[in-house]
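S.K.: Below are the structure tokens for one structure; questions will follow.
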Amino acid sequence: MVDAARHPNITVKSYTEVKRVEGFIGNFKVLVEEKPRYVNMDRCNGCGACSPVCPIEIPNEFEEGIAPRKAIYIPHAQAVPLRYVIDEEACIHCYKCVDACGKLDAIDFSQQPRQEWLDVGSILVATGFDNFDPSVIKEYGFGRYANVITAMELERINNSAGPTAGRIMRPSDSKFPNKISFIQCVGSRDERYNLYCSGFCCMYTIKNAVQWKQTYPDADITIFYMDIRTPSKGYEEFYRRAREMGIRFIQGRPSIITEDPKTGNLFIQAEDVGLGRTIELESEMVILSTAAIPRVDTDAMGSVLNISRSPDGFFMEYHPKLRPVDSPTDGVFLCGAAQSPKDIPASVAQGSAAASRAARILNADEWEIEPIVAMVWEDRCISAQGKKCGICATKCPYGAILVETGKAAMVTAAKCHGCGGCVAECPHNAITQKHFTDAQVISQLHALLRHEPEKKVLAFMCHWCSYGGADNAGTSHFEYPASQRGLRVMCSARMDSDFIFEAFRLGAGVVLVSGCHPQDCHYITGQRVGAERFEKLTKRLVDMGISPQRFRVEWISAAEGAKYAQVIREMDQTLRQIDPQALKEEIERTRPELERRVRRLPEIPDVALALELAKATS
Amino acid sequence: MSQNEDLRIGVYVCHCGSNIASVIDPKAVAEFASALPDVVLTNNSLYTCSDAGQRQIQEDIKNHKLNRVVVAACSVRLHEPTFRACVAEAGLNPFLFEMANIREQDTWVHSHEPEGALEKAKDLVASAVAKSRFLTPLDMIKVPVTKTAMVIGGGVAGISSALDLADMGIKTYLVEKEPSIGGRMAQLNKTFPTMDCSI
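Protein sequence lines, in the order shown, are assigned to chains A and B. Taken in order, the first sequence gives residues 1 to 618; the numbers are from this note's numbering. Taken in order, the second sequence gives residues 1001 to 1199; the numbers are from this note's numbering.
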């Protein structure tokens, strides 16, 4: 901690939150807001004269609420920076601290939140985890029984710098408990709360038990566990040491805890898997090993940073094996428990890994980004002919398009991220997207629907989410019917109405357009551009005589493989339920109108050739 | 543009060990591809991403003057960068490479429907080949780099990464929303397995 604060290359911005992130790899702009401390950081010397005179006492978060703190406080004795802070919500403005501070004159109630933009080339997300609140598990009585505590509370009680100066006492009567029990997997590996294994709780419990036993060799300690997980270096040996010390391990998840109100002692009912029968154990104190859960602000942080979450709620990495510390956004990296529950060695290792990934970029003079950007065909742009338009610019999430009547729309390539929204929205087919041109997509459509199109589920997928979701279905081996034919573009914004008309014109049985959930969109508002289009399109297709069940819009994240497979299964089922003859008639009946809709497609460069080639190969 | 040049497309169908080949016959897919217009060469190998597999592609680009390469294997999210680098090394613009996902989005999800999976693989290859005809060479866009990092979160992971970056000479902002850095780690007494203190 101190090393970080003293390092000449590190600027610690404490009491500061990230509000907004703009830009792209190598060139991010981050808006941060420093909350008012009401203490001048330059004047305060951390002497602590202010705190004792403060009349307010509220629960101290750092001590897990088991000790009080003042309204003017430092979180703990070794805080970095060692500067006091006033909790504005608790403060009653009695100004006793001002008097105590005296000549230093460090208290400053005029402070306001201070915002600033910072230019950075890379962002590392190390926002950590929250602890599961065990009070929701009623049968364990946390919150009702004084002597049922969490492991983090024990950390504070059993800490020489903690509120009891390391003297262990139980909450109900401040007596030393000699007979204690730990309960594992509280809130994890439990279908009601979280399916995942929290990873490090086995080890911290064994640590707590060993530490206790070292100090009090006569202590009677029991650990109720589901499985003990000790996969890292030295951990199994540590576990063995705990057993050898006489700590009792019972396999079985307790079903209920009851309290003897007279003694404050607790009775744990559990199945002992080893004995094959239920047991009851009396304990003077019970410690719950609570799960690590995603931070409460993960969603908000995710939308600021444009990164999404895995099914477990933690931030999702780009690839679980090959790019485990990269986020899906180039230049943004993940480390520590923000990505998944992790212990200290793993967090340190991942911190280094993320630093090294970021340094690849930061040590380069320039960075190459994919040229999958929009490009205007100037001769087709009506703005160049002096007509007012500018639709493309209004759809661009990045302000990358400049439209001046009399000139063709102009795309700034470095600003364009390549969602393709402008391309699909241009009513004059005057913009294309490199590497995802109309000719390329139309060629793919024809190839995918070359054989029995009426039996196919044609699925448009966005690169980042729904294609990822389809991959996730694959890696999880979630089966779905092979009637599906997938076509990938970068964003749902690129899914041009013409592509969907063309798919139906070719006789596709059912068509899916799928993209990111709005908050996950890789292109800020690209998904919204697509969603608005699909809403209109859904009505238009029905007006044209296409049965509503033949077109579906779904938002599927890269983690939702199960959903992807389910959607395809349902669509295949829908298709099978339509009478083939009726479907054939509908396809024939709607074709003339669909042909009318796509009649201008061949005007787009290369599309006529693509159609000709498709005809020749079919 | 495609109409101005003589297209020479090479199609590589990967077995991915048994990941693909246990469900469909990659040879059948390759045979199908060989009948597609402008496909001058097809190949099926155990692991196209292996050194040997990549070398084969590079040799074919040189010896057979391939100007489009299509690999039918896994997801673009996995190996598109691998194959783009491979073809670039052999002198072909990396954007003249196209991929068909016949693993994650085919054999891994249609193992109970091998015939359907085979038909789908053929269509996916046909689609990739069709797209490849209209691919154009593209140059990467070069952007400048601000040589400063931001670490959000001053717990043990954030502090570690900030220290490493700083030691590499990179100016780093360590942003912490609480009044002190340290995070959960600072709350702990002794830590496993060494039983030393946390701070």
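Beta carbons are placed, not taken as given, at the ideal position from N, Cα and C, and that holds for glycine.
Taking all protein chains shown into account, decide if G26(A) is buried (16 or more other Cβ within 10 angstroms of its Cβ) or exposed.
M.R.: Classification for G26(A): buried.
S.K.: Among the candidates F249(A), F267(A), T263(A), whose CA atom is the shortest distance from the CA of I257(A)?
M.R.: It is F267(A).
S.K.: Using a Cβ-Cβ cut-off of less than 7 Å, give me the residues of the segment 38–67 of chain A that come near chain B, in sequence order.
M.R.: Here the close residues are F62.
S.K.: Between A77(A), Q581(A), T230(A), I587(A), which has its C-alpha nearest D343(A)'s C-alpha?
M.R.: Nearest option by C-alpha distance: T230(A).
S.K.: Quick one: what's A1072(B) bridged to in DSSP?
M.R.: Paired residue(s): V1013(B), A1100(B).
S.K.: How would you list, in chain order, the residues of chain B whose beta-carbon sits under 7 Å from the beta-carbon of Q444(A)?
M.R.: Simply S1127, A1130, K1131.
S.K.: Spatial neighbours of S310(A) within its chain, please: C-beta separation below 7 Å, excluding the five flanking residues on both sides.
M.R.: Here the set comprises M316, A559.
S.K.: Determine whether the Cβ of Q1003(B) lies closer than 9 Å to any Cβ atom of chain A.
M.R.: For Q1003(B), the pLDDT reaches just 49, beneath the cut-off of 50, and the residue's location in the model is therefore unreliable, although a value from the coordinates is still provided. For Q1003(B), the answer is yes, since a Cβ of chain A falls inside 9 Å of its Cβ.
S.K.: The beta strand (DSSP E) spanning G515(A) covers which residue range?
M.R.: Here the beta strand (DSSP E) through G515(A) covers 510–515.
S.K.: So does the segment 1144–1151 of chain B actually touch the segment 1085–1101 of chain B, counting three or more Cβ pairs closer than 8 Å?
M.R.: Counting Cβ pairs under 8 Å, fewer than three are found: no touch.
S.K.: Flag this pair as yes or no: are the beta carbons of K96(A) and V53(A) separated by less than 9 Å?
M.R.: Against a cut-off of 9 Å, the Cβ pair of V53(A) and K96(A) comes out as a contact.
S.K.: Please confirm whether R1184(B) and F132(A) have their CB atoms less than 9 Å apart.
M.R.: No, Cβ-Cβ distance for R1184(B) and F132(A) is not below 9 Å.
S.K.: Where S443(A) and S1127(B) are concerned, what is the direct C-alpha to C-alpha distance, given to the nearest angstrom?
M.R.: Cα-Cα distance, rounded: 7 Å.
S.K.: Is there a C-beta anywhere in chain B that falls below 9 Å from the one on Y398(A)?
M.R.: Taking Cβ atoms only, chain B never reaches closer than 9 Å to Y398(A), which makes this a no.
S.K.: Write down the C-beta distance between P113(A) and S1180(B) rounded to the nearest angstrom, noting that I regard them as a contact closer than 8 Å.
M.R.: The Cβ separation is near 19 Å, so there is no contact.
S.K.: Assuming Y239(A) contacts I279(A) (C-beta within less than 8 Å), just tell me the rounded distance between them.
M.R.: Not a contact, Cβ separation roughly 22 Å.
S.K.: Hey, how far is the Cα of Q1003(B) from the Cα of D606(A)?
M.R.: Summary for Q1003(B): the model assigns pLDDT 49, below 50, so the residue's position carries little reliability; its value from the coordinates is reported in the next sentence. The alpha-carbon atoms of Q1003(B) and D606(A) are separated by roughly 9 Å.
S.K.: Could you give the DSSP three-state label for H446(A): helix, strand or coil?
M.R.: Note: H446(A) maps to helix in three-state DSSP.
S.K.: Report the CB separation of Y564(A) from G420(A) in whole angstroms; it is logged as a contact under 8 Å.
M.R.: The Cβ separation is near 21 Å, so there is no contact.
S.K.: For R550(A), collect the residues of the same chain with a Cβ closer than 6 Å to its Cβ; drop the 5 residues on either side in sequence, then sort them by chain order.
M.R.: Closer than 6 Å at Cβ, skipping near neighbours: V510.
S.K.: Tell me R20(A)'s beta-bridge partners as DSSP assigns them.
M.R.: Answer is L31(A), bridged to R20(A).
S.K.: Counting only C-beta atoms, is L1092(B) closer than 9 Å to chain A at any point?
M.R.: It does not: the Cβ of L1092(B) has no partner Cβ on chain A nearer than 9 Å.
S.K.: Buried or exposed for A1035(B), please, with buried defined as at least 16 other CB atoms from any protein chain shown within 10 angstroms of its CB.
M.R.: Its Cβ having fewer than 16 others within 10 Å, A1035(B) is exposed.
S.K.: Does the Cβ of V21(A) have 16 or more other Cβ atoms within 10 Å, making it buried, or fewer, making it exposed?
M.R.: Buried is the call here.
S.K.: To the nearest angstrom, how far is the alpha carbon of Y73(A) from that of G234(A)?
M.R.: Cα to Cα, the separation comes out at about 39 Å.
S.K.: Roughly how many angstroms lie between the CA atoms of H477(A) and S1018(B), to the nearest whole one?
M.R.: Using only the alpha carbons, I get a separation of about 14 Å.
S.K.: Does the distance from the CB of R485(A) to the CB of H463(A) come in under 9 Å?
M.R.: No, these two residues do not count as a Cβ contact at 9 Å.
S.K.: Which residue from T475(A), Q527(A), V441(A) puts its Cα closest to that of D498(A)?
M.R.: The option with the nearest alpha carbon to D498(A) is V441(A).
S.K.: List the residues of chain B whose Cβ lies closer than 7 Å to the Cβ of M169(A), in chain order.
M.R.: In chain order: nothing, as chain B lies at least about 16 Å away.
S.K.: If A4(A) sits next to L1174(B), beta carbons under 8 Å apart, how far is it from one beta carbon to the other, in whole angstroms?
M.R.: A4(A) to L1174(B), Cβ: 6 Å. Contact.
S.K.: Got a sec? Which residues, its chain only, sit under 6 Å from R597(A) by beta carbon, not counting five neighbours each side?
M.R.: The residues are F501.
S.K.: By the three-class DSSP mapping on this structure, what secondary structure does L1092(B) have?
M.R.: DSSP places L1092(B) in coil when its eight states are reduced to three.
S.K.: Would the segment 530–546 of chain A count as touching the segment 446–460 of chain A if we require 3 or more Cβ pairs under 8 Å?
M.R.: Output reads no: the segment 446–460 of chain A does not touch the segment 530–546 of chain A.
S.K.: Name the chain B residues whose beta carbon is nearer than 8 Å to that of K13(A)?
M.R.: In chain order: Y1173, L1174, V1175, E1176.
S.K.: Would DSSP call Q1114(B) helix, strand or coil?
M.R.: Residue 1114(B) is actually Pro in this sequence, not Gln. It is helical.
S.K.: According to DSSP, is L613(A) part of a helix, a strand, or is it coil?
M.R.: The answer is helix: DSSP assigns L613(A) an H, G or I state.
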